[in-house]
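In UniProt numbering, the protein residues as written are 1 to 626.
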Amino acid sequence: MSSRAFGSRFWKYSGPFFKHSRAYRHKYNFSNKITLSTCRCILLVGASNTDSFTGFSFKDLLSPIIHNETLSPDSKGDTLEMGLYIASQRELEESKARDAELAIMQSKNILTRQLRRLVYYVTDLLEPLFVTIRFLELSIIFVPILITYPISFFGKRIYYGNDIVETQGSLVWYRLFRKALELAGPSFIKLGQWASSRTDIFPHGFCNEFSNLHSNSKPHPTKYSISKICETLNIEEDEFNTVFEEFQSKPLGIGAIAQVHLGKLSQDYFLKEHDSLGLDFYQLSSSWVAIKIIHPNARSKIRRDLKIMENFANAINALPTMEWLSLPDEVYNFSILMNLQLDLRIESLNLDKFNQNFKNSIQVKFPKSIKELSNKDVLFEEYMDAMPMDTFLKYKDLIKDIDLRKKVSDVFIDAFLQMLVLDNFVHADLHPGNVMIRFIKTNRYETKLESTESEISDIMRNLKSSMKNDDTDIFVKNLSNALQSYAAQICLIDTGLVTELNSLNRVNFIDLFNALARFNGYKAGELMIERSKSPETAINKEIFAFKVEKLVSKVKQRTFTLGTVSIGDLLDQMLGMVRAHHVRLEGDFVSVIVAILLLEGIGRRLDPHLDLFERFVSYSLIEGLI
């Protein structure tokens, strides 16, 4: 390789520092004049010296030449996710000063640099003012909701079993509250969605209403997406069309935190010009990739909202009888969930973990991430050309043969049980929108994939074509034929949130499940209190244990009469008892329960006779957990 070519490539892949130093590069025409000897000198001297005008080691600045920065879990975390969270937050703090200094050094003269320094300094000083302005904005939204709270005491009473759950007025107030959260923005939408899963804390009507929360996020400009992609790939914007053969400006999906675009990478560009990245395109199903980009200013907006939530939680916690909720702890747990989603490298590593766990399964697929092209703001991953579970559920009643529908539900449930029982690494957002279906050809034992990616794409293309023609009969016929002729492959996407029990919670979960599997309800009730976050806050402990015993006895009776047990109903009623008796469960523990509820909800829609409790016990027996 010539020195000129080496110099060009050196600047192309020289990581965050040189990425932000284009002003110097163009001023001195370094990309053409730098020589191989100069590069060697920089690397040798930089190993022991620091750059005089930044104060940072060249060794540190050049470390990500080959690919974007990666993330390794911190040893202080008691799970992989917690380790990644700690590492991400530490790196975020450390990078603030460095990124600010690098941005300042882009300026060509001293005066501009000093002005930029002043802007950064003043911005830090004004942060409390920005929080106050945001607080006033939220007050305009939520004060009317607080004023109308008394209506929740009026109206017809609604019963759940033998207990009074809500009034008609409370349901109206919950609806108003939900509308306010949608107006308040992404942080509060996420908060409401999280709260809807906490039936151990909030009433049924509240959780049911908040489960209907929808993101009202508007797409950020395509120009911003292209700019972030170019920054991540370390290219100029005029090179964008050489990197992508095709790029769809209309987002595939828009969430509260990020949006997703679809693009087709140019294999020639990467394999010929940028082979040092080591991209193995042959390992991907195709050159089509899904690209997730964090919304602009998402971190600063969410940081301010979390600060306000923290202050409110502390105020509510100071009220008499409210301590058992421990809202400051819950806000802290929620902030962890939000920050995990703000670093897309964590989702990339989650995908790697899931792919490793399911490497021997051909009927369960997770997209592969391309870490070499990704960073905390942008995630490149394999595009799944598949049918959303939402679509399948819409037409499933027209497929009369339940055995055909079970070909989908069985794979889905077995995948979940492996995640929960065997791997202790569970996809925490298994709603139908994140579950996709493809059809593949396998050997007779369903242990070897025999269809090519193009054949799979042809099947999906035919199905989608018949669906677009609005001919329901033809679509259902083609779908039934696909179910008869092929094996179903479940594809799971959006792995930004996972549930992973630490060693203590894992033991507690297994002990509790053992008690339930043996129909020892009183023991299960005692365990739930003894191993809760704060046993001292529980009220009427013995009555709680007797209630659990009575509930489990009903399950036992139904099992022995060969009836179908709804583990969802069992857990839902148990969480209601937990709330009534102020038993504080670990957040991860509740996340597992919510995942089970979501699973059974989808499974029962596909197979009305599904007995998840029996499947759960059988799987646990095979794995030796009971």
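Don't be surprised by glycine CBs; every beta carbon is placed ideally from N, CA and C. Just so you know, these numbers come straight off a predicted model, no measurement behind them.
Check, Outcome
"The beta strand (DSSP E) enclosing F613, as first and last residue numbers", "Per DSSP, F613 belongs to no beta strand (DSSP E); it is in the alpha helix (DSSP H), 612-622."
"Selection from A595, E166, I336 that minimises the alpha carbon distance to G77", "I336"
"Beta-carbon proximity list for S52, same chain, < 8 Å, skipping 5 on both sides", "Note that S52 has pLDDT 36, beneath the 50 cutoff, so the model's placement of it is unreliable and the number below is only indicative. Excluding residues within five positions, none has a Cβ falling inside 8 Å."
"Residue burial classification, H261 (beta-carbon count within 10 angstroms, cutoff 16)", "buried"
"Option nearest F544 by Cα separation, candidates I440, L71, V583, K556", "V583"
"Local conformation of H582 per DSSP, three classes", "coil"
"Endpoints, alpha helix (DSSP H) assigned at E231", "222-233"
"contact_flag[the stretch 363-376, the stretch 387-394] where n(CB pairs < 8 Å) is 3 or more", "no"
"Beta carbon of A487 nearer than 8 Å to that of Q363", "yes"
"Local conformation of M384 per DSSP, three classes", "coil"
"Enclosing beta strand (DSSP E) for W288 [first to last residue]", "288-294"
"Reduced DSSP secondary structure (H/G/I, E/B, other) of D607", "coil"
"Nearest-angstrom Cα separation, counted from F153 out to E323", "23 Å"
"Contacting residues, own chain, Cβ-Cβ under 6 Å from R134 (five flanking each side not counted)", "R304"
"Backbone CA spacing between V243 and L252 [nearest angstrom]", "20 Å"
"Backbone CA spacing between E209 and L612 [nearest angstrom]", "26 Å"
"Proximity of I490 and A428 at Cβ, strictly below 8 Å", "no"
"R25 - DSSP class collapsed to helix/strand/coil", "Confidence at R25 is low in this model, with a pLDDT of 39, below 50, so the placement of that residue is unreliable and no value is reported for it."
"Nearest-angstrom beta carbon gap, V552 and A524 [assumed within contact, 8 Å]", "7 Å"
"With 16 other Cβ atoms within 10 Å as the buried cut-off, status of N32", "Per-residue confidence for N32 stands at a pLDDT of 39, beneath the threshold of 50, marking its modelled position as unreliable; no derived number is given."
"Secondary structure, beta strand (DSSP E): runs of 3+ residues fully inside the stretch 163-199", "163-167"
"Option in E446, K441, Y445 with minimal Cα separation from S454", "K441"
"Same chain, Cβ closer than 7 Å to E246, neighbours up to 5 away in sequence not counted", "G263, K264"
"Three-pair Cβ contact test at 8 Å for the stretch 167-175 versus the stretch 287-307", "no"
"Burial state of T452, where buried means 16 or more other Cβ atoms lie within 10 Å", "exposed"
"Three-state secondary structure (DSSP) of K250", "strand"
"Beta carbon of I226 nearer than 8 Å to that of E239", "no"
"Sheet register partners of M436 (DSSP bridge)", "P388, C491"
"Residue interval of the beta strand (DSSP E) (run including residue 651)", "Any question about residue 651 goes unanswered here, given that the chain covers just 1 to 626."
"6 Å CB neighbourhood of L183 in its chain, flanking five on each side removed", "I141"
"Cβ shell of L351 (< 6 Å), same chain only, five flanking positions each side left out", "F366, S369, T495"
"Collapsed DSSP secondary structure at R40 in the structure displayed", "Summary for R40: the model assigns pLDDT 38, below 50, so the residue's position carries little reliability; its value from the coordinates is reported in the next sentence. Looking at R40 - three-state DSSP - the assignment turns out to be helix."
"Straight-line gap, A195 to N333 (C-alpha atoms, nearest Å)", "12 Å"
"DSSP-derived helix/strand/coil call for K365", "strand"
"Spatial distance of V555 from L585 (CA atoms)", "22 Å"
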